[in-house]
DNA sequence: CAAATTTCTGTACGCTGTGCAATTAATGTA
DNA sequence: TACATTAATTGCACAGCGTACAGAAATTTG
């Protein structure tokens, strides 16, 4: 059986553990935005000299990768694959969960998109999506394409929302963000952009749960049309 | 009539023009990636001291915003709204154009997503999309939501593709990127991720024109289902 | 106790954005 | 022509970043 106690290595003891580095990074991410996730900031958070971080990760990109993995690992994949509820509802639940989780740390999605998502949790998420979409009646190839489409949709929507948030703040509530957008849209000259002006109310609500769910539903409609059931 | 010659201002003459600053930034973006788009790099490119750039833009974010505007302004919106071809084809053409243009400078999409897209060219793009989708038979509110969905889809797909490119290089050809992905997928343990392993060929082709077009078609299917025609 | 090994620290280099004061170059007025 | 006014540019400086290198500290093995 796997013995928990490591085989008593030789040199000096480690002051922290790798997961504490990740935890410190996420603490900074939540408190002061993506730019605050710096080697020096993490080291200060842990009470270490900056260089000590390089004992645990080879460079900053590796730390960010571990943070991304941690964030992706928080999603409940069991709920995604359980067949108690219709598959569309399960995907909706996952997407909503991801959105709230990632918008809770504005800038987190920047980290997601700053490197390839090839860790175990990313793979597990893809695998679970494949299972759901196979359930939905898609052939393997179509299920794979649809899973990527969904990832694109979810991360794209979150990225666009995050793009208009000044990163350090703890993300104002949606109602306030919509109000800000509506205010800015009042400055759009109606003679140059008549349709934009006419649809200003809807456009102001692009950053809302409703728009997010609407877009996801259109994507799911398109996917459902490919099911052979 | 509007007189071209500016009314002979008082102080020292400007060494460059604002659009030359943007051009220098784009030159750097293409040659050395998004990280090279720095105030100091731009200044060196123009033969100026770094601070001189602040004569033309208040801070780096403003320069990036101008670069984004320039990139968005290169798209042919006239072709998007002309009714010679079916609306789906027109959107396909726009999406393809945007993808190739943005992937030509890997990291460009990072700039796009680093701030709100509220410039005139961004507005014009939105307005043109609204026109196309109204043509397609959508009510104004639905057209607005669908236009945002399309922007999310296009930028999301490009962002995910760019995420796995090491930014400075001039973007290897698609075939090579697919081959790299296929190679990496061979390391995925089949017993943990059976469906992923089975669909590896399709997954390797996530970064391809075909997947991009497929996803766009599913989104358009979903949108078309809302047309009242 | 000494040797070996690992981790942590001190220092340093080159890079970033950008604020402040002084300089340079152009124009308007006397 | 001389001077004042104004705008653009520069030099310098500061604080921050990632990270490479050498040495000190801590811990286990012989």
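Residue numbers (UniProt numbering), protein chains in the order written: chain A, 1 to 229; chain B, 1 to 229.
Cβ coordinates follow ideal geometry from the N, Cα and C atoms, glycine included.
Source: prediction; values computed, not measured.
Put simply, the CB of residue 123 of chain B is near chain A, with a gap under 9 Å to one of its CB atoms. Separation of the CB atoms of residue 171 of chain A and residue 103 of chain A is rounded to 6 Å, and the pair is thereby assigned contact status at 8 Å.
Between residue 144 of chain B and residue 202 of chain A, the C-beta spacing is below 9 Å. Taking the Cα positions, residue 59 of chain B is about 17 Å away from residue 23 of chain B.
Uninterrupted alpha helix (DSSP H) stretches at least 4 residues long and entirely within the stretch 62-90 of chain B occur at 77-81, given in chain order.
Relative to the Cα of residue 74 of chain A, the nearest Cα in the group A:219, A:51, A:139, A:125 belongs to A:125. Residue 174 of chain B has a beta carbon lying at 9 Å or more from every beta carbon in chain A. With contacts defined as CB atoms closer than 9 Å, residue 43 of chain B and residue 53 of chain B qualify as a contacting pair.
Contact of residue 155 of chain A with chain B is assigned, a C-beta pair being separated by under 9 Å. Annotation: Cβ neighbours of residue 131 of chain A in chain B (cutoff 9 Å, chain order): 195. Look at the stretch 181-212 of chain A: the residues with a C-beta under 7 Å from a C-beta of chain B are 184, 188, 193, 195, 196, 198, 199, 202, 203, 206, 211.
When Cβ-Cβ separations below 9 Å define contact, residue 227 of chain B makes no contact with chain A. With a threshold of 16 other beta carbon atoms within 10 Å, residue 176 of chain B falls short and is exposed.
Judged by DSSP in its simplified three-state form, residue 205 of chain B adopts coil rather than helix or strand. Here residue 164 of chain B carries a coil assignment [DSSP, helix/strand/coil]. Collapsing the DSSP output to three states places residue 171 of chain B in coil. Note that the C-beta distance between residue 146 of chain B and residue 155 of chain B is not below 9 Å.
For residue 135 of chain A, the enclosing alpha helix (DSSP H) begins and ends at 120-135.
Chain-ordered listing is empty here: chain A has no CB closer than 8 Å to the CB of residue 58 of chain B, the nearest sitting near 15 Å.
About 6 Å separates the beta carbons of residue 108 of chain A and residue 71 of chain A, which is inside the 8 Å limit, making them a contact pair. A straight-line Cα-Cα distance of about 12 Å links residue 88 of chain B and residue 134 of chain B.
Listed along the chain, the chain B residues whose CB falls inside 7 Å of the CB of residue 144 of chain A are 199, 202, 203. DSSP, reduced to helix, strand and coil, places residue 212 of chain B within a helical segment of the structure shown. In this structure, residue 192 of chain A sits away from residue 129 of chain B, with a CB-CB distance that is not shorter than 9 Å. Listed in chain order, the non-local C-beta contacts of residue 112 of chain A below 6 Å within the same chain comprise 68, local neighbours out to five positions each way being set aside. Of the candidates A:80, A:105, A:153, the residue whose Cα lies closest to the Cα of residue 132 of chain A is A:80.
Listed in chain order, the non-local C-beta contacts of residue 21 of chain B below 8 Å within the same chain comprise 42, 46, 53, 56, 57, 63, 66, local neighbours out to five positions each way being set aside.
Sequence-distant partners of residue 182 of chain A (beyond 5 residues in either direction) whose C-beta falls short of 6 Å from its own C-beta, in its chain, are 204.
Look at residue 38 of chain A here: in three-state DSSP terms it is coil, with no helix or strand label. The Cβ-Cβ distance between residue 216 of chain B and residue 91 of chain B falls below 9 Å. Against chain A, a Cβ distance below 8 Å from residue 214 of chain B picks out 145, 149.
Check the Cα spacing between residue 208 of chain A and each of A:196, A:162, A:140, A:120: the tightest is with A:162. Taken atom to atom, the span from the alpha-carbon of residue 180 of chain B to that of residue 184 of chain A is near 44 Å. At a Cβ-Cβ threshold of 9 Å, residue 35 of chain A and residue 106 of chain A do not count as neighbours.
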